[in-house]
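Taken in order, the sequence shown gives residues 141 to 382; the numbers are from the numbering used here.
Don't be surprised by glycine CBs; every beta carbon is placed ideally from N, CA and C.
Predicted model, so just to flag it, every value in this text is computed and none were measured.
Below is one structure, written out as structure tokens; the observations come after it.
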Amino acid sequence: MTAPRLRARLEGRVGPLPLHIELECGAGPLVVVGPNGAGKTSLLLLLLGALQPERGRIELGERVLFDSASGVDVPLEARELGYVPQHYALFPQLSVRENIEFALTSSGLAGPRAAVQERARAALADLQLEALAGRRAAALSGGEKQRVALARALSVRPRALLLDEPLAAFDIAARRLTRAFLASYLGRLAIPTIIVTHDAADAHALGQQIVVLEAGRSVQSGSWAELAAQPASDFVREFLRV
141 MTAPRLRARL EGRVGPLPLH IELECGAGPL VVVGPNGAGK TSLLLLLLGA LQPERGRIEL
201 GERVLFDSAS GVDVPLEARE LGYVPQHYAL FPQLSVRENI EFALTSSGLA GPRAAVQERA
261 RAALADLQLE ALAGRRAAAL SGGEKQRVAL ARALSVRPRA LLLDEPLAAF DIAARRLTRA
321 FLASYLGRLA IPTIIVTHDA ADAHALGQQI VVLEAGRSVQ SGSWAELAAQ PASDFVREFL
381 RV
């Protein structure tokens, strides 16, 4: 099955931030970079439906998620988007399995209890987390929490995935290992995946395509090599160190 494409054109303002963003993501990771305050996390929340732009359009495949011209605004829970926030937002008192089962039950898509348990088991197996199923989330390492949060987001079988600074909490050694895992896993996942990061090594390793935001505007997009060959701003030049 061909993966849907996630397309967005966002204009107007979100709070004090002016918006003029265009992006398109197919079956593979797209990385969003930019200086602090550029609107990277706001972009994910706009796609998710937690924030609303003044004007624009968001499409996932043939489905319109938001269109200011026609008044379409699909609610967050119906957008079929998986989301992993920067600090993972796991329930610390629940076990790994219970965290995933809670997400499935809350989604309203999992069906009876046996179906919830089977889908949770499958999500854990896919990310090689079966041995951690009974452990409380509070007792996990950073890398384990990151995988559990990813398993939880994917357990509801989203059509696209949004990751906000997935490696920000790691030290250098753990970051290198988890980056390699994410690059391999997301490359096989074959759904549109948008990753926000402030780290150049993460962007280089994870992004098939890169979009640069500055002050709420998408100022450049392309592969790492394309951006390096013709950087559009001082930020891009410094970020890529070219």
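Quiz item: With 16 as the cutoff for other CB atoms within 10 Å, does S210 come out buried or exposed?
Solution: exposed
Quiz item: According to the Cβ coordinates, are G347 and F310 closer than 8 Å?
Solution: no
Quiz item: Unbroken beta strand (DSSP E) runs of length 3 or more, entirely within the region 207 to 255: which are they?
Solution: 221 to 224
Practice problem: Would you grab the beta carbon distance between L146 and P332 for me? Rounded to a whole angstrom, and I think it's under 8 Å. | Solution: 4 Å
Self-check item: Beta-carbon proximity list for P225, same chain, < 6 Å, skipping 5 on both sides
Solution: D304
Self-check item: Counted within 10 angstroms of its Cβ, other Cβ atoms place F206 as buried (16 or more) or exposed
Solution: buried
Self-check item: Bounding residues of the beta strand (DSSP E) (the contiguous stretch that carries S182)
Solution: Taken as a continuous stretch (DSSP letters only), S182 belongs to no beta strand (DSSP E), being part of the alpha helix (DSSP H) at K180 to L188.
Exercise. Return yes when the Cβ of V296 is within less than 8 Å of the Cβ of L244, no when it is not.
Key: yes
Quiz item: For A308, which option in P298, R319 and R299 has the closest C-alpha, if you only look at C-alpha atoms?
Solution: R319
Self-check item: Beta carbon of E354 nearer than 8 Å to that of G174
Solution: yes
Quiz item: In angstroms, rounded to a whole number, what distance separates the CA positions of L167 and A143?
Solution: Checking the sequence, you will find Ala at residue 167 rather than Leu. Taking the straight line joining both Cα atoms gives about 6 Å.
Practice problem: Starting from H160, follow its DSSP beta bridges and name the residues at the other end. | Solution: E151 and R357
Practice problem: Could you give the DSSP three-state label for D311: helix, strand or coil? | Solution: coil
Practice problem: State yes or no: is the C-beta of V351 within less than 8 Å of the C-beta of A372? | Solution: no
Practice problem: Taking only the alpha-carbon atoms, compute the straight-line gap between L280 and Q370 and give it to the nearest angstrom. | Solution: 43 Å
Quiz item: Where does the unbroken beta strand (DSSP E) through D304 begin, and where does it stop?
Solution: A300 to D304
Quiz item: Under the three-state reduction of DSSP, which class applies to Q349: helix, strand or coil?
Solution: strand
Quiz prompt | Coarse secondary structure for T337, derived from DSSP in three states | solution = coil
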